[in-house]
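One structure is given here, and the rest of the page talks about it.
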Amino acid sequence: MSSPIITELKINVIDASVTSIPLCMTEKPSQKKDRKEPTPAQPKDMFSFIDNFSIPTSSKKRKLEKETKTLKPSHELKELNPYWKNDGMGIPQIEDTKYYEDVDAMNKCKYCWLRNSSKYIVDSNDDIYCQVSPNKNIAKYQFIIRTKKHYASSLELDNITCRKLTAYKYKLVELFCKEKYKIVFLEHFLKKKNDHFYIECIVLKKKYVDTADIYFCKAISDITEEWATNVSLIKVESYRELRSVIPKNFSFFNVNFNLQSGYVHVIENETKFDTQFGLNVLSGMISKGDNEWNRDAFDAQKMYDFAKKSYFK
Numbered sequence: 001m002s003s004p005i006i007t008e009l010k011i012n013v014i015d016a017s018v019t020s021i022p023l024c025m026t027e028k029p030s031q032k033k034d035r036k037e038p039t040p041a042q043p044k045d046m047f048s049f050i051d052n053f054s055i056p057t058s059s060k061k062r063k064l065e066k067e068t069k070t071l072k073p074s075h076e077l078k079e080l081n082p083y084w085k086n087d088g089m090g091i092p093q094i095e096d097t098k099y100y101e102d103v104d105a106m107n108k109c110k111y112c113w114l115r116n117s118s119k120y121i122v123d124s125n126d127d128i129y130c131q132v133s134p135n136k137n138i139a140k141y142q143f144i145i146r147t148k149k150h151y152a153s154s155l156e157l158d159n160i161t162c163r164k165l166t167a168y169k170y171k172l173v174e175l176f177c178k179e180k181y182k183i184v185f186l187e188h189f190l191k192k193k194n195d196h197f198y199i200e201c202i203v204l205k206k207k208y209v210d211t212a213d214i215y216f217c218k219a220i221s222d223i224t225e226e227w228a229t230n231v232s233l234i235k236v237e238s239y240r241e242l243r244s245v246i247p248k249n250f251s252f253f254n255v256n257f258n259l260q261s262g263y264v265h266v267i268e269n270e271t272k273f274d275t276q277f278g279l280n281v282l283s284g285m286i287s288k289g290d291n292e293w294n295r296d297a298f299d300a301q302k303m304y305d306f307a308k309k310s311y312f313k
């Protein structure tokens, strides 16, 4: 009778000891290593991340304003690239057609600042540079003003660059005014070409510039077609009024006499317009023949050395 009781007691003792063992000890060490952290959900396909960059709707405008506080203002983006525009929600975008057309033009343009290899540059600043004209010089001093960035005409300049260009012209006028010289500024724009625009600066004696008004008035009226739809000759009192006279998409020729007065001619037939029209008029006015136009590199180098020594120190 005693043996069954002892057996029951042993079983109870064993059960009590088993219940006191911690639960963590019931797992084998190998089972801990086999545990894996839950992995985040992977995208369904390799292009699904593009959805995160879609332009948000107007309902997410407040959230967007918080996230885009670090973005540069639109006017700063405009200075870095003139083709940035704002879509009204603070997101900069690009006017694709105009942007890629001008990028292609800049890649081919040899007059942009990064690709200009001319050795006759006499002066430059942040946006503009001035160089001696290497050919077709009809005067003792003849310079070319260009912007470092690619613009097809002066009408496309932003306000800051336009002010700097005007200030640089006044600088040239003051430099040569001491020597009793005046400057004739020439510019033409043909919208089909999209070339890097430039302004020809011809330094002449005062007696020539004072009479140049009559010569250009007669020459422009002669090249005007009989059935022209636009006004052939527009008088401009100052250079700053050019924007208010000619729209951006119009081809034109502009002549300015020492930043005091000038004329604008609307070019209707680009194929018949001679790009050397202004130089031809001045050449006939000062009785210079075509044989004196194409000067060699020595004359251009001599003009460069004298200009650097006398005016652009």
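1 is the number of the first residue of the sequence shown in the UniProt record's numbering; add one for each residue after it.
Even glycine gets a Cβ: it sits at the ideal position worked out from N, Cα and C.
Owing to the predicted nature of the structure, the values given are computational and were not obtained by experimental measurement.
Close-in-space but distant-in-sequence residues of the same chain around residue i (CB under 8 Å, 5 per side omitted)
i	result
M285	Y208, T211, A212 and Y215
C109	R115, H150, D195 and H196
L157	T147, Y151 and L165
K206	K180, Y181 and K182
Own chain, CB closer than 6 Å to residue i, minus 5 neighbours either side, in chain order
i	result
D299	none
A219	V281
F273	I267
Y141	V203
M303	V132
T26	A caution first: T26 carries a pLDDT of 49, below 50, which makes its placement in the model too unreliable to give a value.
Per DSSP, the bridge partner or partners of residue i
i	result
K309	Beta-bridge pairing links K309 to no other residue.
N254	E187 and V264
K235	Y263
C-alpha gap between residue i and residue j, whole angstroms
i	j	result
Y181	N258	9 Å
I128	Y111	12 Å
N230	S283	28 Å
H150	D195	8 Å
residue 322	K193	Past the boundaries of the shown model lies residue 322; the chain is included only from 1 to 313, so the question cannot be answered.
K131	D123	For the sequence presented, residue 131 should be read as Gln rather than Lys. Q131 and D123: Cα-Cα distance of roughly 7 Å.
N254	K309	31 Å
S118	Q301	11 Å
N256	R243	14 Å
F197	F277	16 Å
F176	E200	15 Å
P73	A152	Bear in mind that the predicted position of P73 carries a pLDDT of just 42, short of 50, making it unreliable; the figure below should be weighed with that in mind. Roughly 26 Å between the two C-alpha positions.
T275	L186	10 Å
T224	C217	11 Å
I234	N269	17 Å
D126	C162	13 Å
K178	Y170	13 Å
Y263	L279	15 Å
D305	N159	33 Å
K191	T271	12 Å
Cβ separation of residue i and residue j, assumed to be a contact under 8 Å, to the nearest whole Å
i	j	result
I202	V184	5 Å
L165	K248	Not a contact, Cβ separation roughly 16 Å.
L204	A139	6 Å
Y168	I145	7 Å
S261	V245	No, S261 and V245 are not in contact; Cβ-Cβ is about 13 Å, not under 8 Å.
F189	S251	6 Å
S238	H265	Going by Cβ atoms, the distance from S238 to H265 rounds to 17 Å, so no, they are not a contact pair.
The ligand SAH heavy atom lying under 7 Å from the CB of residue i
i	result
D126	Absent from the structure shown: the ligand SAH. Ligands present: none.
Cβ-based neighbour list, residue i, same chain, cut-off 7 Å, excluding 5 preceding and 5 following
i	result
Y311	L175
F47	Confidence at F47 is low in this model, with a pLDDT of 46, below 50, so the placement of that residue should be treated as unreliable; the coordinate-derived value is given next. Nothing listed; no residue qualifies.
Residue-level contact to chain B via CB, residue i, 8 Å cutoff
i	result
F176	Chain labels in this structure do not include chain B; a single protein chain is all it has.
* To do: Can you check the UniProt domain "Cwf19-like C-terminal" (105-216) for any beta strand (DSSP E) of at least 3 residues that lies completely inside it and give the ranges in chain order?
  => 121-124, 128-132, 141-147, 181-189 and 199-205
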